[in-house]
Amino acid sequence: MATKILTEHINVPGIETFDVYRKQGGYTAVEKALKTMTPDEIVEEVKKAGVRGRGGAGFPMGMKWSFLAKPEGVPRYLVCNADESEPGTFKDHYLMKNLPHLLIEGMIVSSFALGANKSFIYVRGELMYVIRILEKAIAEAEAKGFLGKNILGTGYDLELVVQPGGGAYICGEETALLESLEGKRGNPRNKPPFPAVKGLYQCPTVVNNVESIATTSWIVNNGGDAYAAIGIGRSTGTKLISASGHINKPGVYEIELGVPVEDFIYADEWCGGIRTGHKFKALVAGGSSVPILPANLALTLANGEKRLMSYESLSDGGFATGTMLGSGGFIVFDETSCIVRNTWNFSRFYHHESCGQCSPCREGTGWMEKVLHRIEYGHGHQQDIDLLVDVAKKIEGNTICPLGDAAAWPVASAIRHFRDEFQWHIDNPSEATQPGAVYRGEMALV
Amino acid sequence: MSKTVENKTVVFTPERVAKAQEIIARYPADRQKSALLPLLHLLQEQEGWTSPEGMDYVARLLDIQPIEVYEVATFYTMYHIDPVGQHVIEYCRTGPCCLMGGEDVLAHLKHRLGIDTGQTTVDGRFTLKEVECLAACGMGPVFQIREKYYMNLTNERVDEIIDELSK
Numbered sequence: 049m050a051t052k053i054l055t056e057h058i059n060v061p062g063i064e065t066f067d068v069y070r071k072q073g074g075y076t077a078v079e080k081a082l083k084t085m086t087p088d089e090i091v092e093e094v095k096k097a098g099v100r101g102r103g104g105a106g107f108p109m110g111m112k113w114s115f116l117a118k119p120e121g122v123p124r125y126l127v128c129n130a131d132e133s134e135p136g137t138f139k140d141h142y143l144m145k146n147l148p149h150l151l152i153e154g155m156i157v158s159s160f161a162l163g164a165n166k167s168f169i170y171v172r173g174e175l176m177y178v179i180r181i182l183e184k185a186i187a188e189a190e191a192k193g194f195l196g197k198n199i200l201g202t203g204y205d206l207e208l209v210v211q212p213g214g215g216a217y218i219c220g221e222e223t224a225l226l227e228s229l230e231g232k233r234g235n236p237r238n239k240p241p242f243p244a245v246k247g248l249y250q251c252p253t254v255v256n257n258v259e260s261i262a263t264t265s266w267i268v269n270n271g272g273d274a275y276a277a278i279g280i281g282r283s284t285g286t287k288l289i290s291a292s293g294h295i296n297k298p299g300v301y302e303i304e305l306g307v308p309v310e311d312f313i314y315a316d317e318w319c320g321g322i323r324t325g326h327k328f329k330a331l332v333a334g335g336s337s338v339p340i341l342p343a344n345l346a347l348t349l350a351n352g353e354k355r356l357m358s359y360e361s362l363s364d365g366g367f368a369t370g371t372m373l374g375s376g377g378f379i380v381f382d383e384t385s386c387i388v389r390n391t392w393n394f395s396r397f398y399h400h401e402s403c404g405q406c407s408p409c410r411e412g413t414g415w416m417e418k419v420l421h422r423i424e425y426g427h428g429h430q431q432d433i434d435l436l437v438d439v440a441k442k443i444e445g446n447t448i449c450p451l452g453d454a455a456a457w458p459v460a461s462a463i464r465h466f467r468d469e470f471q472w473h474i475d476n477p478s479e480a481t482q483p484g485a486v487y488r489g490e491m492a493l494v
Numbered sequence: 005m006s007k008t009v010e011n012k013t014v015v016f017t018p019e020r021v022a023k024a025q026e027i028i029a030r031y032p033a034d035r036q037k038s039a040l041l042p043l044l045h046l047l048q049e050q051e052g053w054t055s056p057e058g059m060d061y062v063a064r065l066l067d068i069q070p071i072e073v074y075e076v077a078t079f080y081t082m083y084h085i086d087p088v089g090q091h092v093i094e095y096c097r098t099g100p101c102c103l104m105g106g107e108d109v110l111a112h113l114k115h116r117l118g119i120d121t122g123q124t125t126v127d128g129r130f131t132l133k134e135v136e137c138l139a140a141c142g143m144g145p146v147f148q149i150r151e152k153y154y155m156n157l158t159n160e161r162v163d164e165i166i167d168e169l170s171k
């Protein structure tokens, strides 16, 4: 049985209540951290654990914490990024809904480590029912003395605020999130200064994903070394993977990093195989922004070895033959999926969600969407494929936040691996626009 | 700005005034603008949409300029800056939901309601909006009505839901 750090007790009835969570060993990390450890010791354990940001960027969390500026007389803030809006990703939704106290416990421990006395959980506004669950759990923790003034008599104060967003994917970008939290449009800020120096209200701020913060309790209880012993190489610990698309068992699974992609797709413990009677065509491994891979490259590296569910193995081969672990939004496509249609769909998403601040993204995402739309609907021109590659290239790296890259990569990678499918649409418009028509040419189905 | 149905002054109910004050008190002094998004949710909960009069009222509550409220309300998709029907169906049109047959179910929903995206039924009961990813991809197709998620939708399930809400 694989190690479960976050979801071990998820099926215990009533685990969303304080008392049941406490009975399962909950809040022991708060007691241990506040009573027996210094903030620096906690930061040290998180560093040793090697846990990498679970929101998608994969930046080492301990290092991010150690960048936090500590000027005298200025408050510091911890902000939890719960604006999960990347298509294919629904793990934070699942975690907060089922285990609200796990996040709250992590927030207390992390806030203490960072010296924050007021912390925020910024939740996408669509999840209003989850916000109610979190608020209820916060009230419970407060009533039991684990939040508020003088927590457990240790002299440490912490106020936890749940902030609803307004429905904008861009607010998952940390500086846009801070703008939104200040009551403004979610326009990303130029960096530097980084939030660790000037974040919320121009004060030093750490922004971490829900899943990242939720791991801290286990790290405090068991030590950073124990966490680092799980997983593989620099991909330490466990990861929540949200699996959707053409598989038998969509859902959220906690895996130890390093599981072969093939096992994850086919084992009964996880996805349970490709939808019965169908073949595996393509994979988006880490949320819609990461490059799509055809089935053969999803399962094996270019050198023929098995590809693993880890930051390094998924990105092996760079963008030529690899992809990224990202947020763990695992979308599986079978042979009935039209790559052109899906790419257009993703492109529409990024066009819709661009904040419009940088011209390459504002104009480029709309341009790509339009070109993809005309290819999909049978009006493509021969030069359109190269045009898309060119536009994607001109967006990538030319915007102040990564939304531009996120919009460019799905298009560039779909053309890289499925160019003949785009060509087929252009060459055979009447056939390609039939309902349910899918290219059945040279394709490596598994 | 959006069209106005009637000119009326918007004032929160006493419970919402208390809630608004509680929300504003969460933020440091002089940072009350942080309460803007939560207050707009409160406004929409009461009025059904973020009416211009309501936004002016929120601006007064926060002691900020009305334009600061308008520019925020128009940025975020969850604020309805035009009047809407009794039930706003926010239908996810993004990739994973489409893989699970979301486009067909949406076509059925439009046919059933007799409206297209962005429109409201003649009886004022339903407004249909298409939204981007609702973070429930494994349970697609999915739509949201107020705080409730409806998942694993099929044509039959859509009919049941509409029947139920039409009573």
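Chains A and B, in that order, are what the protein sequence lines are. If you count the first sequence from 1, you need to add 48 to reach the working numbering. If you count the second sequence from 1, you need to add 4 to reach the working numbering. Positions of the beta carbon are idealized from the N, C-alpha and C atoms, including for glycine. As the structure is a prediction and not an experimental result, all values here were calculated from the model.
Note down, in chain order, each residue of its chain lying with its Cβ closer than 8 Å to the Cβ of residue i, except the 5 sequence neighbours on either side.
{"i": "Gln123 of chain B", "result": "Thr131, Leu132"}
{"i": "Asn129 of chain A", "result": "Gly103, Tyr170, Gly220, Glu222, Leu225, Val255, Asn256, Asn257, Val258"}
{"i": "Leu248 of chain A", "result": "Tyr125, Val127, Phe168, Leu226, Leu229, Glu230"}
{"i": "Ala77 of chain B", "result": "Leu44, Thr54, Met59, Tyr83, Ile85"}
{"i": "Ala492 of chain A", "result": "Pro342, Ala343, Asn344"}
Ordered along the chain, which non-local residues of its own chain (more than five positions away) have a Cβ less than 6 Å from that of residue i?
{"i": "Arg422 of chain A", "result": "Gly428"}
{"i": "Arg97 of chain B", "result": "Glu134"}
{"i": "Leu341 of chain A", "result": "Leu331, Thr371"}
{"i": "Lys418 of chain A", "result": "none"}
{"i": "Met5 of chain B", "result": "Caution applies to Met5 of chain B, whose pLDDT of 44 falls short of 50 and renders its modelled position unreliable; the value that the coordinates give is listed next. The answer, listed in chain order, is Pro56."}
{"i": "Gly365 of chain A", "result": "Ala350"}
{"i": "Thr16 of chain A", "result": "In this structure chain A extends from 49 to 494, so residue 16 of chain A is not present and cannot be described."}
CB-CB under 7 Å to residue i, same chain, minus the five flanking residues each way: which ones, in chain order?
{"i": "Ile463 of chain A", "result": "Ile433, Leu436, Val437, Phe470"}
{"i": "Tyr31 of chain B", "result": "Ser38, Ala39"}
{"i": "Ser195 of chain A", "result": "Rather than Ser, the amino acid found at residue 195 of chain A in this sequence is Leu. Taken in chain order, the residues that qualify are Ile156, Ile186, Ala189, Leu206, Leu208."}
{"i": "Ala480 of chain A", "result": "Gly426, Trp472, His473"}
{"i": "Val245 of chain A", "result": "Ala117, Pro252"}
{"i": "Val14 of chain B", "result": "Glu51, Ser55, Glu57, Gly58, Tyr61"}
{"i": "Ala164 of chain A", "result": "Arg124, Tyr125, Leu126"}
{"i": "Thr202 of chain A", "result": "Leu82, Lys83"}
{"i": "His400 of chain A", "result": "none"}
{"i": "Ile387 of chain A", "result": "Ala330, Ala462, Phe466, Glu469"}
{"i": "Asp120 of chain B", "result": "Lys114"}
In chain B, which residues lie with their C-beta within 7 Å of the C-beta of residue i?
{"i": "Tyr217 of chain A", "result": "Glu136"}
{"i": "His400 of chain A", "result": "Glu136"}
Quick one: list the residues of chain B neighbouring residue i, beta-carbon separation under 8 Å, in chain order.
{"i": "Ser292 of chain A", "result": "Pro100, Leu103, Met104, Cys141, Gly142, Gly144"}
{"i": "Arg172 of chain A", "result": "Ala139"}
Do residue j and residue i come within 8 Å of each other at the CB atom, strictly closer than that value?
{"i": "Phe367 of chain A", "j": "Gly136 of chain A", "result": "no"}
{"i": "Asn393 of chain A", "j": "Cys102 of chain B", "result": "yes"}
{"i": "Pro243 of chain A", "j": "Arg124 of chain A", "result": "no"}
{"i": "Ile34 of chain A", "j": "Cys403 of chain A", "result": "No answer is possible for residue 34 of chain A: the residues shown for chain A start at 49 and end at 494."}
{"i": "Tyr174 of chain B", "j": "Leu44 of chain B", "result": "Outside the modelled stretch of chain B, which goes from 5 to 171, sits residue 174 of chain B, for which no answer is possible."}
{"i": "Asp382 of chain A", "j": "Ile322 of chain A", "result": "yes"}
{"i": "Gly106 of chain A", "j": "Leu373 of chain A", "result": "yes"}
{"i": "Leu347 of chain A", "j": "Thr369 of chain A", "result": "no"}
{"i": "Gly106 of chain B", "j": "Pro70 of chain B", "result": "no"}
{"i": "Leu54 of chain A", "j": "Glu302 of chain A", "result": "yes"}
{"i": "Ala440 of chain A", "j": "Ala460 of chain A", "result": "yes"}
{"i": "Tyr80 of chain B", "j": "Gly215 of chain A", "result": "yes"}
{"i": "Tyr177 of chain A", "j": "Glu151 of chain B", "result": "yes"}
Counting only Cβ pairs nearer than 8 Å, list the residues of chain A close to residue i.
{"i": "Pro42 of chain B", "result": "Gln211, Pro212"}
{"i": "Val76 of chain B", "result": "Gly214, Gly231, Lys232, Arg233"}
{"i": "Ser55 of chain B", "result": "Simply none; closest approach about 16 Å."}
Along chain A, which residues have their Cβ under 7 Å away from the Cβ of residue i?
{"i": "Pro32 of chain B", "result": "Tyr249"}
{"i": "Glu151 of chain B", "result": "Met176, Tyr177"}
Below 9 Å on C-beta distance, what does residue i contact in chain A?
{"i": "Ala39 of chain B", "result": "Gly231"}
Could you tell me whether any non-hydrogen atom of the ligand SAM is closer than 7 Å to the CB of residue i?
{"i": "Gly334 of chain A", "result": "Summarising the ligand content, the structure contains no ligands, and the ligand SAM is consequently not present."}
For a contact defined as C-beta to C-beta under 9 Å, what are the partners of residue i on chain B?
{"i": "Asn257 of chain A", "result": "Here the premise fails: no neighbours, minimum Cβ distance about 13 Å."}
Exercise for review: Counting only runs of 4+ residues fully inside the stretch 108-178 of chain A, write out the alpha helix (DSSP H) ranges in chain order.
Suggested key: Every unbroken stretch of the alpha helix (DSSP H) spanning 4 or more residues and falling wholly within the stretch 108-178 of chain A is given here in chain order: 109-114, 139-146, 148-162.
Exercise for review: Enumerate, from N- to C-terminal direction, the unbroken alpha helix (DSSP H) stretches of 4 or more residues contained entirely within the stretch 400-436 of chain A.
Suggested key: Counting whole runs of 4 or more residues, the stretch 400-436 of chain A contains the alpha helix (DSSP H) stretches 407-424.
Review point. With contact counted as at least three CB pairs below 8 Å, one residue from each stretch, are the stretch 349-356 of chain A and the stretch 293-311 of chain A in contact?
Key: Segment contact: the stretch 349-356 of chain A against the stretch 293-311 of chain A, three or more CB-CB distances shorter than 8 Å; contact assigned.
Point to revise | Cβ contact (3+ pairs, closer than 8 Å) linking the stretch 203-214 of chain A and the stretch 387-406 of chain A | key: Look at the beta carbons and you see the stretch 203-214 of chain A not touching the stretch 387-406 of chain A: under three pairs across the two are nearer than 8 Å.
Check your understanding: If we count Cβ pairs, one from each stretch, closer than 8 Å, do we get three or more for the stretch 86-95 of chain B versus the stretch 49-62 of chain B?
Key -> Contact between the stretch 86-95 of chain B and the stretch 49-62 of chain B is present: three or more C-beta pairs spanning the two stretches fall below 8 Å.
Check your understanding: Would you call the stretch 156-169 of chain B and the stretch 104-115 of chain B touching, i.e. three or more CB-CB distances under 8 Å?
Key -> In the pairwise beta carbon analysis, the stretch 156-169 of chain B is classified as touching the stretch 104-115 of chain B: at least three pairs are separated by under 8 Å.
Review point. When the Cβ atoms of the stretch 87-101 of chain A are set against those of the stretch 273-286 of chain A, are three or more pairs found closer than 8 Å?
Key: Using a C-beta cut-off of 8 Å, the stretch 87-101 of chain A makes contact with the stretch 273-286 of chain A, since at least three inter-stretch Cβ pairs fall below that distance.
**Study point:** Segment contact flag, the stretch 227-236 of chain A with the stretch 63-81 of chain A, C-beta cutoff 8 Å, min 3 pairs
**Key:** Per the Cβ contact rule, the stretch 227-236 of chain A is not in contact with the stretch 63-81 of chain A (fewer than 3 Cβ pairs under 8 Å).
Check your understanding: In the stretch 346-387 of chain A, which residue ranges form an unbroken beta strand (DSSP E) of at least 3 residues, counting only runs that do not cross its ends?
Key -> For the stretch 346-387 of chain A, whole beta strand (DSSP E) runs of length 3 or above, ordered along the chain, are 377-382.
Point to revise | Any alpha helix (DSSP H) of 4 or more consecutive residues that is wholly inside the stretch 265-342 of chain A | key: Entirely contained in the stretch 265-342 of chain A, the alpha helix (DSSP H) runs reaching 4 residues are, in chain order, 272-276, 309-314.
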